[in-house]
Structures are given as structure tokens and as C-alpha cells.
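Per numbering that gives the first Met the number 0: the sequence shown = residues 0 to 299. Down below is the structure, laid out as C-alpha cells.
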Amino acid sequence: MRKAVAAGIAAVAVAVAGCADDIDDSAAPSATQTSPSVSASTATGTDQLHLVNLGDSFSAAAGVQPLVADSPVMCLRSSRNFAHVLATDAGYRLTDVSCSGADTADFESAQYDGVPPQLDALTDEADIVTVMIGGNDSDLYSTAIRECADLAARDLSGSPCADTRGSEYVDIVENQTAPALLEALQAVRDRAPNAEILAVGYPWILPPADGCYPAMPVATGDVTYLRQLQSVLNAALQRGAEQTGARFVDMAPGSEGHDACAPVRQRWIEPRNGASGAAPVHPNAAGQQAIAGAVAAALE
0 MRKAVAAGIA AVAVAVAGCA DDIDDSAAPS ATQTSPSVSA STATGTDQLH
50 LVNLGDSFSA AAGVQPLVAD SPVMCLRSSR NFAHVLATDA GYRLTDVSCS
100 GADTADFESA QYDGVPPQLD ALTDEADIVT VMIGGNDSDL YSTAIRECAD
150 LAARDLSGSP CADTRGSEYV DIVENQTAPA LLEALQAVRD RAPNAEILAV
200 GYPWILPPAD GCYPAMPVAT GDVTYLRQLQ SVLNAALQRG AEQTGARFVD
250 MAPGSEGHDA CAPVRQRWIE PRNGASGAAP VHPNAAGQQA IAGAVAAALE
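Here's what the structure looks like:
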């Protein structure tokens, strides 16, 4: 069921991206493409550090065009995602297996036909591994945002989602996602024992208060409710990083004021309604640049 939902999201994201002014349509793969899930930077030096990028649609940069040539179309893997930006700027050799719709289970199991487990990309020769994962576990983000949007019309100035769902989403993170993140990060450590591993947190999707209905169709009182959910998820990722000897890249401080409610030229996350240049509720090219900068700073 999750794969079917992810397929629908991918189709919508491609359509949304096709409306953006800065898209190079000639670079997008056809829907019939079957291709490797590994891409590389153009540099070829034998002494390059090897960067491996794992993760979900935030890591792949869903909807940011152009896509990586010959990459699996359902992964919506952008050639402008933060790993590609980082590899280009620093001269790293890049293996990018990030894929839209991925959750921690897809580290160990094939996500789609032709898309092998992401951990298959790791060897003891990896120098740097970036990991951005967790938001899709139990369909957390998509379910919370959809259900809160559906409930918003009941009381736009209140908190109908928090009133209805209570601690349900946070309980899922604490009881299911957090252990899965720890297991996934430990598996990364086991496969790449010599690598510097960076677990990258999710940038803010919503502002601290008020929101921006209907661009983000969330009732005013539920803005802080969803912010708290995101904070709990990032904290679980941070704990997993600390327990496995990885470094946590905290995107929360730097992304404040760049959420989906920010002005067009200021935002790093596109809104659910009126997205341009990225999939709805996902980082745009500016957001990917910012994540690349934060990862680069963590590596200094």
C-alpha cells in the first residue's frame, strides 16, 4: 500500500515540478526508464573522498529538476539535491541512492523493482555517508499533514487535529520510528565502519505559530502541534546518531523563517498548495543548497 501511495505522490510531484519556471524538461527521464540507482559526480580523481547519500524524498530533492540521468524515475532523484551540490563543491566522488518514498525498511529491502536496498551502496571504502530518513516511517508525515488538513475546516482558529489525534503521532515516533532509526543508523555504521556518518535533520516545514492557510491548510492551533511532531522526529534522529557514533546535522536553527509559509524567495520548503520548483511540502533548490551548506560546515 505504501508503495502505491508513493507512486501517486511521485506522479503528482513530477506534474508540479513541470510547472516551474526553472525546469530543464529535456533532462527528465521517461516513465519507462529502467536504470541503476547510483549516480556520480563528474570528477574522476582517484584520491577523491567517496560520499554516499541515503534517504527519502527530502534527500533526493523530489520535484527539483533536472533529475539524475538514468536514475529510477520513481525515486525523483534530483541532480540538484544537497548531496550533488556538496559533491560538486567539494570534489567528492558521489554515490547517490536516495529515493522518494523511502523509509528505514528500504535500507535493508528493495523499495521497487530495480531499486535495491540502499545499504547495498555501502562498503568499508565509503568516506562520508549522509542519511536523511524517518519521515515516511508509518507514513507519518503524509498522514499527519493530510489528516490535519482534512480537519482544519472544522475550526480554522482552533486545534481540531490536536484535539482529535492527541499524542497519536508522537507515540508512533517514540515507539516505532525511533527504534527503527537506531537500527538503520547502526546498520549504516556496520556497513561503512570507516566513514564519517552524518544524520541530517529535517528543516522546518511550518513557522512557530499562525501558519498560512490555505497555502498550508492547517488550523492555527495545529501549527504548533505539527511543529512539535517534527521536533520529536528530529530528536529521535539525533539520539540515533549519538548512539551510533554519527554526527547530527541540525537543520532547525538555520531553517527558521524559511518554512513553507515564508515568502517565495525566502522559503526553503514549498507549500502544499501553490508549490513551484519542488514537490509540495518538500525542500526546493534553495533548501537543498542550505542543507548542503550545513553538511559542509559539519564536515569542517
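Quick reminder that beta carbons are idealized off the backbone N, C-alpha and C, glycines included.
Check: Starting from I132, follow the alpha helix (DSSP H) in both directions and report where the run begins and ends.; Outcome: Careful: I132 lies outside any alpha helix (DSSP H) and carries neither H nor E.
Check: Would you kindly report the start and end of the unbroken alpha helix (DSSP H) that includes N233?; Outcome: T219 to Q242
Check: Does any residue of chain C bring its CB to less than 8 Å from the CB of G276?; Outcome: In the structure shown, chain C does not exist; there is a single protein chain.
Check: What residue range does the beta strand (DSSP E) around I196 cover?; Outcome: E195 to V199
Check: Could you compute how far the alpha carbon of A179 sits from the alpha carbon of S254?; Outcome: 26 Å
Check: Which residue from N193, A151, P282 and N135 puts its Cα closest to that of V128?; Outcome: N193
Check: Go through its chain and collect everything with a Cβ distance to A259's Cβ below 8 Å, but skip five positions before and after it.; Outcome: I204, L205, C211, A214, M215, R266, I268, E269, P270, R271 and V280
Check: Suppose only complete runs of 3+ residues qualify. What are the beta strand (DSSP E) ranges in the stretch 123 to 197, listed by chain order?; Outcome: 127 to 131
Check: For my contact list, S56 and A278 are in at a C-beta cut-off of 8 Å; report their separation, rounded to the angstrom.; Outcome: 7 Å
Check: Just list the beta strand (DSSP E) runs in the stretch 78 to 109, keeping only unbroken ones of 3 residues or longer that don't cross its boundaries, in chain order.; Outcome: 92 to 95
Check: Within its chain, find whatever has a CB closer than 8 Å to the CB of L184; leave out the 5 residues flanking it on each side and keep chain order.; Outcome: V130, I196, A198, G239, A240, Q242, T243 and A245
Check: How long is the line joining the alpha carbons of S209 and H257, rounded to whole angstroms?; Outcome: Note on residue identity: the sequence assigns Asp, not Ser, to residue 209. Their Cα atoms are separated by approximately 15 Å.
Check: Roughly how many angstroms separate the alpha carbons of D136 and D102, rounded to a whole number?; Outcome: 5 Å
Check: Can you find at least 3 beta carbon pairs, one from the stretch 159 to 168 and one from the stretch 81 to 94, that sit closer than 8 Å?; Outcome: no
Check: Tell me the DSSP secondary structure of M215 in three-state form.; Outcome: strand
Check: On the DSSP letters alone, give me the boundaries of the alpha helix (DSSP H) that G54 sits inside.; Outcome: Not the alpha helix (DSSP H): G54 falls in the beta strand (DSSP E), residues H49 to G54.
Check: Assign Q64 to buried or exposed, taking buried as 16 or more other Cβ atoms, counted over all protein chains shown, within 10 Å of its Cβ.; Outcome: buried
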